[in-house]
Amino acid sequence: MRIEHHQVHHVRPRHLLVRIVTDGGLVGWGEATLEGHTLAVAGAIGQLMRMIAGEDPRRIEHLWQRMYRGSFYRGGPVLGSAISGIEQALWDILGKSLNAPVHALLGGAVRDRIRMYAQIDASTPERAVEDYRRKRATGITAFKLVPWDAVKPVDSPAVVQRVVDTMEALRTEAGDGVDFALDAHGRLSPAMSIRVAEAIAPYQPMFLEEPCLPENVDAMVTVARSTTVPIATGERLITRWAFREVIEKQAAAILQPDPSHVGGILETRKIAAMAETYYMAVAPHCPLSGVALAACLAVDACLPNFLIQEHVTLGEDLLAEPFVIEGGHVAVSTKPGLGIEIDESKLAALACDGHWQTPELRHDDGAVADW
Ligand SMILES: [Mg+2]
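The opening residue of the sequence shown carries number 58 in the working numbering; numbering runs sequentially from there.
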């Protein structure tokens with residue numbers, strides 16, 4: 058079996074898909090979306106695919122090593138996302154060639170169904186409750202919110218109170234049988250994170266994500282040591298080498314590798330095994346399309362330390378058969394490869410030029426804030 062050719066597809070609103078075709082006509086799909094940088098990733102995919110053209114697509118580890126180590130410069134989100142998209146497509150091809158789901162090739166499923174969480178709009182406490190009610194009615198029992206905009210390094214009590222009011226409203230509405238997580242998007246300084254974590258701890262959030270930016274692991278350790286709220290991080294970390302310090306310093310309780318950035322499905326599996334040695338849980342990051350979600354679900358199925366899966370779509374806009382949530386869970390796939398089929402007419406309707414830009418967030422004095 059040989060890799061014959063590939064294409065990249067820029068898909069609205071901001072996605073980048075990779076399609077690899079073998080000499081025997083097998084097709085594998087992967088997602089390499091890197092918001093605001095998809096054109097750079099598409100260029101990297103072209104260069105990497107030239108390195109592995111004509112190779113046996115089933116030698117996934119070997120091809121990964123060639124792509125990662127073979128170009129001297131390594132790491133970073135652009136190369137990481139490019140390798141990830143290609144790697145997912147290789148797993149899809151391997152699974153289809155063996156008529157086996159990807160999870161069956163990674164040690165087999167350790168669960169029957171995968172718990173999902175939904176995002177809720179927390180622009181005000183009232184909106185949060187309203188959105189919670191609507192999404193809770195679908196059977197989902199875990200939710201994530203971002204109850205802040207730009208936050209100053211030390212901000213007013215009103216910023217903290219908005220978060221407390223939101224958590225209070227949600228707990229009052231939902232009771233104690235539902236989980237709520239908060240995503241700080243790296244917008245808080247360590248000082249503000251510690252203050253916020255203290256204020257929300259009585260509501261026992263499932264986790265506080267990226268309480269500060271992930272570039273300085275020691276700063277996150279300071280936050281993690283200050284609170285009983287479990288800290289989550291990892292969506293912006295690329296490869297196991299970036300996760301090593303987070304794990305060894307126990308900077309977080311929950312790791313969030315993204316199989317579309319971190320290096321792919323097997324890299325996520327390896328990071329989860331590293332996390333297991335410190336009893337950390339894994340909740341893969343996925344704000345992307347149904348293709349990336351399929352890659353997440355494939356690895357979720359076989360992780361003993363899996364916690365929960367993020368999603369923003371079930372692939373309704375792109376897949377012939379979108380995923381289905383029942384009772385807050387998606388069933389482990391029994392279909393070969395990643396278990397998805399791209400609807401070519403939907404794909405054509407979503408085609409775009411890839412010029413999507415990440416929105417900018419500003420402080421009230423005009424200075425750039427972290428998005
Ligand atoms: Mg996040």
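We treat Cβ as the ideally placed atom computed from N, Cα and C, and that holds for glycine.
All of these numbers come straight from a predicted model, not from anything done at the bench.
DSSP, reduced to helix, strand and coil, places Gln122 within a helical segment of the structure shown. Using a Cβ distance threshold of 9 Å, Gly396 and Leu354 count as a contacting pair. In the three-state scheme derived from DSSP, where H, G and I count as helix and E and B as strand, Met331 is classed as helix.
As the crow flies, the alpha-carbon of Ala406 is around 19 Å from that of Thr95.
Around the Cβ of Gly127, a 10 Å sphere holds fewer than 16 other Cβ atoms; the residue is exposed.
C-alpha of Glu266 to C-alpha of Val203: approximately 10 Å in a straight line. By the CB criterion at 9 Å, Ala352 and Trp148 fall inside the cutoff.
Assignment of beta-bridge partners to Leu73 by DSSP yields His67. Looking only at Gly234, Pro210, Ala99 and Arg297, the smallest Cα-Cα distance to Ala424 is reached by Pro210.
Gly82 counts as exposed, since fewer than 16 other C-beta atoms from the protein chains shown sit within 10 angstroms of its C-beta.
The alpha-carbon of His62 is positioned some 6 Å away from that of Ile77. Using a Cβ-Cβ distance cut-off of 8 Å, the segment 379-391 and the segment 191-205 are in contact, since at least three pairs of beta carbons, one from each stretch, lie closer than that value.
Three or more pairs of CB atoms, one per stretch, sit closer than 8 Å, so the segment 301-318 contacts the segment 336-345.
By the beta-carbon neighbour count (other beta carbons within 10 angstroms, threshold 16), Phe264 is buried. Tyr260 places its beta carbon less than 9 Å from that of Arg228. Within the model, the alpha-carbon separation for Glu417 versus Gly93 is close to 11 Å. In this structure, ligand 1 has a non-hydrogen atom nearer than 8 Å to the beta-carbon of Gln313. Between Val253 and Val217, the C-beta spacing is below 9 Å. The beta carbon of Thr223 lies closer than 6 Å to those of Ala179, Pro182, Ala185 and Pro204 in the same chain, with the five residues before and after it left out. Per DSSP, the continuous alpha helix (DSSP H) segment holding Arg191 begins and ends at Pro182 to Arg193. Per DSSP, Trp86 is one residue of the beta strand (DSSP E) stretching across Val84 to Glu88.
Taking the Cα positions, Lys392 is about 45 Å away from Ile251. Per the DSSP secondary-structure output, Gly394 pairs in a beta bridge with Pro158.
Just so you know, the alpha carbons of Ala426 and Gly243 end up roughly 10 Å apart.
With a cut-off of 8 Å on Cβ pairs, the segment 61-75 is in contact with the segment 135-145, counting three or more such pairs. The three-state reading of DSSP puts Glu230 in helix, counting H, G and I together.
Contact between Leu371 and Ile399 is ruled out by a C-beta separation of about 14 Å, above the 8 Å threshold. Taking non-hydrogen atoms of ligand 1 into account, the C-beta of Glu267 is found less than 8 Å away from one of them.
Between the C-alpha atoms of Ile304 and Ser402 there is a straight-line separation of about 44 Å. Counting other Cβ atoms within 10 Å of its Cβ, Thr79 reaches 16 or more and is therefore classed as buried.
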